[in-house]
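**Student:** Below you'll find the structure I mean.
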Amino acid sequence: MMKKSIAIIGAGPAGLMAAEVLSQSGIKIDIYDAMPSFGRKLLMAGKSGLNLTHSEPYEIFLSRFGNRKQEIAEHIKLFTPDDLIAWAKTLNVETFVGTSGRVFPKEMKASPLLRAWLKRLQADGVIFHVRHRWQGWEDGHLIFDTPNGIKKIKPDATILALGGASWPKLGSSGDWVPWFLQHGVKVNSFQPANCGFTVNWSTFFIEKFHGSPIKSVILTFKDFKQQGEFVVTRTGVEGSLIYTASAKLRDEIASKGNAVISLDLVPQLSKEKLIKALSRPRNSRTLTNHIKVTTGIHGIKMGLLYEFISKEDLNNIEKLADAMKSLCIKLCAPNSIVTAISSAGGVSFEELDRHLMLLKMPGVFCAGEMLDWEAPTGGYLLTACFAMGRTAGNGARDWVLK
Ligand SMILES: Cc1cc2nc3c(=O)[nH]c(=O)nc-3n(C[C@H](O)[C@H](O)[C@H](O)COP(=O)(O)OP(=O)(O)OC[C@H]3O[C@@H](n4cnc5c(N)ncnc54)[C@H](O)[C@@H]3O)c2cc1C
Numbered sequence: 033m034m035k036k037s038i039a040i041i042g043a044g045p046a047g048l049m050a051a052e053v054l055s056q057s058g059i060k061i062d063i064y065d066a067m068p069s070f071g072r073k074l075l076m077a078g079k080s081g082l083n084l085t086h087s088e089p090y091e092i093f094l095s096r097f098g099n100r101k102q103e104i105a106e107h108i109k110l111f112t113p114d115d116l117i118a119w120a121k122t123l124n125v126e127t128f129v130g131t132s133g134r135v136f137p138k139e140m141k142a143s144p145l146l147r148a149w150l151k152r153l154q155a156d157g158v159i160f161h162v163r164h165r166w167q168g169w170e171d172g173h174l175i176f177d178t179p180n181g182i183k184k185i186k187p188d189a190t191i192l193a194l195g196g197a198s199w200p201k202l203g204s205s206g207d208w209v210p211w212f213l214q215h216g217v218k219v220n221s222f223q224p225a226n227c228g229f230t231v232n233w234s235t236f237f238i239e240k241f242h243g244s245p246i247k248s249v250i251l252t253f254k255d256f257k258q259q260g261e262f263v264v265t266r267t268g269v270e271g272s273l274i275y276t277a278s279a280k281l282r283d284e285i286a287s288k289g290n291a292v293i294s295l296d297l298v299p300q301l302s303k304e305k306l307i308k309a310l311s312r313p314r315n316s317r318t319l320t321n322h323i324k325v326t327t328g329i330h331g332i333k334m335g336l337l338y339e340f341i342s343k344e345d346l347n348n349i350e351k352l353a354d355a356m357k358s359l360c361i362k363l364c365a366p367n368s369i370v371t372a373i374s375s376a377g378g379v380s381f382e383e384l385d386r387h388l389m390l391l392k393m394p395g396v397f398c399a400g401e402m403l404d405w406e407a408p409t410g411g412y413l414l415t416a417c418f419a420m421g422r423t424a425g426n427g428a429r430d431w432v433l434k
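For reference, each letter of the sequence shown is one residue, going 33 to 434 in this note's numbering.
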């Protein structure tokens, strides 16, 4: 009898994990990627330390997936953050928990993990195909554009793990959307997630402060309230605190045209304490020096006050204290998806069964960031992609062996 075959398209965390659960299954496993090498986005994630997962309590971890918590939980319960840490160990990758609770490989990069993983997959019989750009379906066949021309294959099942639409130069560009739409599969439009935003800074402010971090502030926006830090860029703001709030900010801008965040520049001092401090005799001190000496505000935080507060209000102690506790900054637009860490949008969960198989295309499974869910940075993206890759792999195996 001919050996059954499964094609996996997309060799990122989700596709590679699908290959892993299928290796040694007795099924012929081919994994294809458009790029000249596998796992390019995973390697890029490694440049900032490779935050694999998070050590916070399981229920809180799941809450990070917002309105898709239930769907994602189905997969993560079968491959939990602890399972992920144990799995990394099987690749000789030891992890540690950072001060924020985030989990990283001790080496703070992705290349040792990826190298060991690819080696193991090949040893287990998975067949690799680079420079194979999938071009959709034709008469039930998968069509690939390859350096040797067009290739057509007809596997017994297909797993698509094509990624989202951020950082397209790393391989995931969302170019597959039209082929899904042709088959009546609903794909929600891609939007930037974990992204920066534009702010109309004055030329003076940008020249003085671009690239500078704003540390230990509390950002409030509607029901979002969190302490952290972010960076001022030439065009606006980016960094962890902004990324965490970015889904809400992006949605507000889409509906209202802009989003106004409020910053507490001095979380350690109440408004009353600030007023008391600022009321001390100024003597011959300049206003800037008086603010610095009495409240500790200086540098970029002082720059923000001068950027957004009128001269009159700066000289009004009550209004100045108000501004220090809730400085309003208007964000005008999300940055391009090309620079976003991840994307929202993609194949709708309503199109999939619990094994991540497309209801309208039996035998075709989807996993990873190409599905319509989002999560903040903190290791949630990778954990969910790995977990979904496993579900799709197990589902495809059961499908071909049924
Ligand atoms: C700068 C940066 C830092 C990040 N840091 C972290 C982090 O620390 N922690 C975290 O959890 N997440 C992080 N992420 C997000 C994380 O890397 C992604 O969510 C994850 O890689 C998505 O996995 P995936 O397998 O779904 O897709 P991808 O990793 O995007 O892989 C999809 C693959 O499909 C291939 N492909 C696409 N279209 C085709 C086609 N038509 N034909 C053939 N192949 C195709 C692509 O070439 C690609 O290799 C980061 C992302 C970026 C950009």
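Yeah, the Cβ is synthetic: ideal placement off N, Cα and C, and Gly gets one too.
Predicted model, so just to flag it, every value in this text is computed and none were measured.
Tell me whether leucine 301 sits in a helix, a strand or coil according to DSSP, three-state version.
**Tutor:** Three-state DSSP puts leucine 301 in coil, outside helix and strand.
**Student:** Indicate the three-state DSSP secondary structure (helix, strand or coil) for glycine 271 in the structure shown.
**Tutor:** Coil, per DSSP.
**Student:** For the putative contact between isoleucine 191 and alanine 399, defined by C-beta atoms under 8 angstroms, what is the C-beta separation to the nearest angstrom?
**Tutor:** Rounded, the Cβ-Cβ distance is 7 angstroms, consistent with contact.
**Student:** Can you tell which of Thr85, Val135, Ile159 has its C-alpha closest to the C-alpha of aspartate 65?
**Tutor:** Taking only the C-alpha atoms, the option nearest aspartate 65 is Ile159.
**Student:** Name the one or two DSSP bridge partners that threonine 235 has.
**Tutor:** Threonine 235 is not bridged to any residue.
**Student:** Under 6 angstroms Cβ to Cβ from glycine 81, same chain only, skipping five residues before and after it: list those, please.
**Tutor:** Within the same chain, glycine 81 has close Cβ partners Phe136, Met140.
**Student:** Along the chain, where does the beta strand (DSSP E) containing isoleucine 361 start, and where does it finish?
**Tutor:** First-last of the beta strand (DSSP E) with isoleucine 361: 359-363.
**Student:** Please classify alanine 51 as buried or exposed, where buried requires at least 16 other C-beta atoms within 10 Å of its C-beta.
**Tutor:** Looking at its Cβ environment, which holds 16 or more other Cβ atoms inside 10 Å, alanine 51 is buried.
**Student:** Measuring alpha carbon to alpha carbon, tell me which of Phe176, Ser342, Ile332 ends up nearest serine 241.
**Tutor:** Checking the displayed sequence, the identity of residue 241 turns out to be phenylalanine instead of serine. Out of Phe176, Ser342, Ile332, Ile332 has the C-alpha closest to the C-alpha of phenylalanine 241.
**Student:** Which residues does DSSP pair with glutamine 259 in a beta bridge?
**Tutor:** Note: glutamine 259 sits in a beta bridge opposite Ile250.
**Student:** Do you know how far the Cα of leucine 94 is from the Cα of serine 17?
**Tutor:** Absent from the structure is residue 17, since the part of the chain shown begins at 33 and ends at 434.
**Student:** Which partner residues of methionine 389 appear in the DSSP bridge assignment?
**Tutor:** Phe397.
**Student:** Relative to the alpha-carbon of asparagine 321, which residue among Phe262, Ala225, Leu346 has its alpha-carbon at the smallest distance?
**Tutor:** With distances taken between Cα atoms, asparagine 321 lies closest to Leu346.
**Student:** When you compare the stretch 404-423 with the stretch 101-114, are there three or more beta-carbon pairs, one atom per stretch, that lie closer than 8 angstroms?
**Tutor:** Contact between the stretch 404-423 and the stretch 101-114 is present, because at least three Cβ pairs lie under 8 angstroms.
**Student:** Can you tell me where the beta strand (DSSP E) holding proline 224 begins and where it ends?
**Tutor:** 219-225 is the span of the beta strand (DSSP E), which, as asked, contains proline 224.
**Student:** Grouping DSSP H, G and I as helix and E and B as strand, with all else coil, what is isoleucine 329?
**Tutor:** DSSP places isoleucine 329 in coil when its eight states are reduced to three.
**Student:** Out of curiosity, what's the CA-to-CA distance linking histidine 458 and phenylalanine 70?
**Tutor:** What is shown of the chain runs 33 to 434, which leaves residue 458 out entirely.
**Student:** Under 7 angstroms Cβ to Cβ from arginine 134, same chain only, skipping five residues before and after it: list those, please.
**Tutor:** Excluding sequence neighbours, arginine 134 sits near Asn83, His86, Gly410, Gly411.
**Student:** Tell me the DSSP bridge mates of threonine 190?
**Tutor:** Threonine 190 is bridged to Ala39, Val396.
**Student:** Return yes when the C-beta of methionine 76 is under 6 angstroms from any heavy atom of ligand 1, and no when it is not.
**Tutor:** For ligand 1, at least one heavy atom lies less than 6 angstroms from the Cβ of methionine 76.
**Student:** In angstroms with no decimal places, state the Cα-to-Cα distance between serine 221 and glycine 378.
**Tutor:** Taking the straight line from one Cα to the other gives about 6 angstroms.
**Student:** Taking just the CA atoms, how far does leucine 145 sit from leucine 123?
**Tutor:** Rounded to whole angstroms, leucine 123 to leucine 145 spans 6 angstroms at the Cα level.
**Student:** Just the C-alpha distance for leucine 54 and isoleucine 61, rounded to the nearest angstrom, thanks.
**Tutor:** C-alpha separation (whole angstroms): 7 angstroms.
**Student:** Nearest to methionine 49 by CA position, among Pro187, Gly58, Ala193, is which residue?
**Tutor:** Minimum Cα distance to methionine 49 is reached at Ala193.
**Student:** State the Cα-Cα distance for the pair proline 187 and arginine 96, rounded to the nearest angstrom.
**Tutor:** Going by the C-alpha atoms only, they are around 36 angstroms apart.
**Student:** Answer yes or no: the CB of serine 374 versus the heavy atoms of ligand 1, is any distance below 6 angstroms?
**Tutor:** Yes, the beta carbon of serine 374 sits closer than 6 angstroms to at least one heavy atom of ligand 1.
**Student:** Among the candidates Thr327, Thr318, Thr235, Ala279, whose CA atom is the shortest distance from the CA of asparagine 99?
**Tutor:** Nearest C-alpha to asparagine 99: Ala279.
**Student:** With DSSP as the reference, label glutamine 102 as helix, strand or coil.
**Tutor:** Looking at glutamine 102 - three-state DSSP - the assignment turns out to be helix.
**Student:** Excluding sequence positions up to five away, which residues of its chain have a Cβ less than 6 angstroms from the Cβ of lysine 183?
**Tutor:** Same-chain partners within the cutoff: Phe176.
**Student:** Could you tell me whether the stretch 238-254 touches the stretch 206-218, where touching means 3 or more Cβ pairs closer than 8 angstroms?
**Tutor:** Short answer: they don't touch.
**Student:** May I have the straight-line CA-CA distance separating leucine 336 from aspartate 404, to the nearest angstrom?
**Tutor:** One C-alpha to the other measures close to 37 angstroms.
**Student:** Looking only at DSSP bridge pairs, what is glycine 378 linked to?
**Tutor:** Its beta-bridge partners are Asn220.
**Student:** On the DSSP bridge list, what partners appear for leucine 403?
**Tutor:** According to DSSP, which records beta bridges pairwise, leucine 403 is partnered with Val379.
**Student:** Can you give me the C-alpha to C-alpha distance between cysteine 227 and isoleucine 293, rounded to a whole angstrom?
**Tutor:** Spanning the two alpha carbons is a distance of roughly 15 angstroms.
**Student:** What separation, rounded to the nearest whole angstrom, lies between the Cα atoms of lysine 36 and proline 210?
**Tutor:** Roughly 29 angstroms between the two C-alpha positions.
**Student:** Which word fits proline 245, buried or exposed, when buried means at least 16 other C-beta atoms lie within 10 angstroms of its C-beta?
**Tutor:** Exposed, since its Cβ has fewer than 16 Cβ neighbours within 10 Å.
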